[in-house]
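Written below as structure tokens is the structure these notes are about.
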Amino acid sequence: MPQTMFEKVWNNHLVASPEGEPPLIYIDLQLVHEVTSPQAFDGLRMTGRKLRRPDRHIATVDHNVPTTSAEDRLHIIDQTSAAQVNALRKNCKEFGIEFFDVQDASQGIVHMIGPELGATKPGMTIVCGDSHTSTHGAFGALAFGIGTSEVEHVMATQTLPQSKPKTFRITVDGTLPYGVTAKDIILHIIGIIGTDGATGYAVEYAGSAIRALSMEGRMTVCNMSIEAGARAGMIAPDETTFAYLMGRRFSPKGKAWDEAVAHWKSLPSDEGAVFDRELHINAAEITPTVSWGTSPGMVTSIEGKVPSPDDATNEIDRKGYERALEYMGLKAGTPIEQIAIDRVFLGSCTNGRIEDLRAAAEIVKGRHVAATVSAMVVPGSQAVKKQAEGEGLDKIFKDAGFEWREPGCSMCLGMNPDILSPGERCASTSNRNFEGRQGRGGRTHLVSPQMAAAAAIAGHFTDVRNWPNNGGKN
Amino acid sequence: MQPFTKLTSIAVPLDRANVDTDQIIPKQFLKRIERTGYGEFLFFDWRYKLDVPDSVTPNPEFVMNAPQYKGAEILLADKNFGCGSSREHAAWALSDYGFRAVIAPTFADIFFSNAGKNGIVLARLTDDEVSTLMQRAQTPGYEITVDLEAQTVTDAQGFKASFEIDPFRKECLLNGLDDIGLTLRHSAALDKFEAKHDNEFWSAPKTATA
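These protein sequences, in sequence, are chains A and B.
In terms of this note's numbering, the first sequence has 128 at position 118, counting the first letter as 1, and numbering is strictly consecutive.
In terms of this note's numbering, the second sequence has 258 at position 108, counting the first letter as 1, and numbering is strictly consecutive.
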């Protein structure tokens, strides 16, 4: 019987299917960071349990670390953040986990470094105490975010009891228009299906527009699967995937590489495999997309206007629209292009990769950030930062008036000092526009890197399709 | 984990959809390394006034601050409660504040799992049923009963609705069972699987050079 990619990966990891209990799934890799792990390590100590497979764990610091300077990262002023970072250092040593500390050349956002190191590979099961673990699905891995009790469970047993999700294929066919990106694809999808549209499903993204994406673009799409409520998002591995992985630190080498590729080629969904749900989207209809509200489903085209509560199709949404407009300080009917911004944040596990920075730099080159705007670039990892500096992107950004920072999660969630002030409006390449996400009272609009860069220059949202050198790919 | 059998309590009607875990517990409170003490930060940005940063002046407009809901152990909310971040701190904060059950039309996946591991019962009722309870909960002193054994939500005015729950999760909640202990009953199967799986080199995060 034809199988979906999800089913193949699931079946390859099925440890036991006990009667009356959820199936027990083996976890190939757990990624660990400072915020959701200390209580899990404490749990192991309290119960006298061992960490079963240190070799299947990798740790780094990303959520809390300051991005201002290398020095600030070594001596974190905020005592609670410092305590969390120190706890991870100590725990990794005690339990034998490979740890990439703040100054390490491989440090970065946990979802950046898995792929960069070649630790993330097709057909694996990957978890992390972070909902954006769905990012790793771009390689054809089954990857999902978990809570701290589950983090402890994986540490102790290298397994998780998991109810089997249903399958949902989203096919995006056609060619993306000039200036339209992977970010616009996923924002567009969430706009259609809603923030709970994929709850209970493992999503597979398919179609010619998805296959045409680089690994960076695929990661952007899978990253935001969770914003549609999906357990996981996956994309079939292909030559693009293999080319990305070849030669990376933890990638197989020599004969093992050939055998791995042979296995990876067996993973894509079989012809005729049946999904529980299907959605088809025409890539040509996607436009540069901007979120206007306080949920990632509240999006519209750059050509559009801020909607009115009267546009809502039910009472619950109407109340949601009203609250969102009030929080965002927006009037219904305002053209999106007329919304002025105060801040620009370019970075995060959604859009902090080299292609994102290249695309934004194309827009920024030879121009200057508007006088009313403060803009920053936070590369997602040390590797991206180094590569960007090698290509001179840092100079382009700095000449244009952007701040060029050290890697981390930064203003995506503002656990470190990078936050919005109440009322400040930000064009952000991150993944969540929830109330207070980037700082209490802060107003977040989610956009692509190109759109964020153009907004930084113009001082308001602007249609990047009308800009020359808009880095149409990505 | 504290076992849950049957609970009768007043209920806070939080008439909002898509309540995300950033609202349940904002990020500035995720820096602690303990599991306890999050209750005072529950719904922080809604619960306290915004005018002074990190102020703890209660916002009288936020429903949970109304004196009639003091001591409530049941929370009512609209669809997709607990969406967003995987932070288990959201479940810890609800539990630490005193909530033992949440009733809503739907819940987000990761939160659903986190709540179960902290002894919180999540009851999925229909939109209409939740809406009825929301209205009735406006009356001071109104109480709701969540009976896990019977899988029902009832009140003294004749309201009765049943909810679905996975039998395994129900058993864990009723008995306050620890998941890791349950998994370790399958150690023999795990050892056998792992011995085979370790030879499937594509599954290794750190592949040795061949």
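Where is the CB? At the ideal position from N, CA and C, for every residue including glycine.
- In terms of beta-carbon proximity, B:Gln-173 lines the interface with chain A, with at least one pair separated by less than 9 Å.
- With contacts defined as CB atoms closer than 9 Å, A:Phe-471 and A:Ala-437 qualify as a contacting pair.
- For the pair B:Ala-311 and A:Gln-172, the Cα-to-Cα distance works out to about 27 Å.
- Taking C-beta atoms as the reference points, A:Val-387 and A:Phe-412 count as a pair closer than 9 Å.
- Taking A:Glu-288 as the centre and dropping the five residues before and after it, the same chain places the C-beta of Arg-179 closer than 6 Å to its C-beta, in chain order.
- Neighbours of B:Ala-258 in chain A, taken as residues at a C-beta separation under 8 Å, are given in chain order as Asp-206, Thr-209, Gly-239.
- By the Cβ neighbour-count rule, A:Lys-131 is buried, with 16 or more other Cβ atoms within 10 Å of its own.
- A:His-378 does not reach chain B, its nearest Cβ partner there being about 32 Å away, counting only Cβ pairs nearer than 8 Å.
- Rounded to the nearest whole angstrom, the CA to CA distance from A:Ala-463 to A:Gly-227 is 17 Å.
- DSSP places A:Trp-414 in the uninterrupted beta strand (DSSP E) bounded by 412 to 414.
- With a cutoff of 9 Å on beta-carbon distance, A:Ala-153 and A:Ser-144 are scored as near each other.
- For A:Ala-468 and A:Trp-477, the gap between their C-alpha atoms comes out near 11 Å.
- Looking at the backbone, the Cα of A:Met-15 and that of A:Ala-212 are separated by about 10 Å.
- By the neighbour-count criterion, in which a residue is buried when 16 or more other Cβ atoms sit within 10 angstroms of its Cβ, B:Asp-278 is exposed.
- Given a length threshold of 4 residues, each whole run of the alpha helix (DSSP H) inside the region 56 to 112 of chain A is given here in chain order: 80 to 84, 89 to 105.
- Within chain B, the C-beta atoms nearer than 7 Å to that of A:Ala-129 come from Pro-355, Lys-356, in chain order.
- Across the set A:Pro-459, A:Arg-435, A:Gly-362, A:Lys-375, the C-alpha of A:Gly-362 shows the shortest separation from the C-alpha of A:Ile-123.
- If the five residues before and after B:Gln-218 are omitted, its C-beta is found closer than 6 Å to the C-beta atoms of Pro-290, all from its own chain and listed in chain order.
- For the pair B:Met-214 and B:Arg-197, the CB atoms are nearer than the 9 Å cut-off.
- Interface annotation for the region 442 to 465 of chain A against chain B: Arg-442, Phe-444, Glu-445, Gly-446, Arg-447, Arg-450, Gly-451, criterion Cβ-Cβ distance under 7 Å.
- Look at B:Tyr-247 here: in three-state DSSP terms it is helix.
- Shown in chain order are the members of the region 242 to 262 of chain A whose Cβ falls below 7 Å from a Cβ of chain B: Phe-260, Ser-261, Pro-262.
- In summary, the residues of the region 207 to 229 of chain B whose CB is separated from some CB of chain A by less than 7 Å are Asp-228, Lys-229, in the order they occur in the chain.
- If you check each beta-carbon in the region 341 to 368 of chain A against every beta-carbon of chain B, none falls closer than 9 Å.
- Taken atom to atom, the span from the alpha-carbon of A:His-85 to that of A:Cys-138 is near 26 Å.
- Around the C-beta of A:His-198, 16 or more other C-beta atoms lie within 10 Å, and the residue is accordingly described as buried.
- For the pair A:Phe-149 and A:Pro-175, the CB atoms are not nearer than the 9 Å cut-off.
- Interface annotation, B:Glu-350: in contact with chain A, CB-CB separation under 9 Å.
- Taking a Cβ-Cβ cut-off of 9 Å, A:Val-19 has no neighbours in chain B, whose nearest Cβ is about 10 Å from it.
- Comparing alpha carbon positions, the residue from A:Ser-420, A:Lys-375, A:Val-120, A:Ala-240 closest to A:Glu-401 is A:Lys-375.
- The beta carbons of B:Lys-156 and B:Thr-304 sit about 10 Å from each other, so the pair does not count as a contact at 8 Å.
- For the C-beta of A:Tyr-36, the chain B residues within less than 9 Å are, from N- to C-terminus, Leu-340, Phe-343, Glu-344, His-347, Ser-353.
- According to the DSSP assignment, B:Glu-293 belongs to the beta strand (DSSP E) that extends over 293 to 297.
- A:Asn-292: member of the beta strand (DSSP E) spanning 287 to 292, first to last residue.
- In the DSSP secondary-structure assignment, A:Met-386 is bridged to A:Phe-355, A:Glu-413.
- Only residues of its own chain outside the window of five on either side were considered, and among them Gln-301 have a CB closer than 7 Å to the CB of B:Ile-315, listed in chain order.
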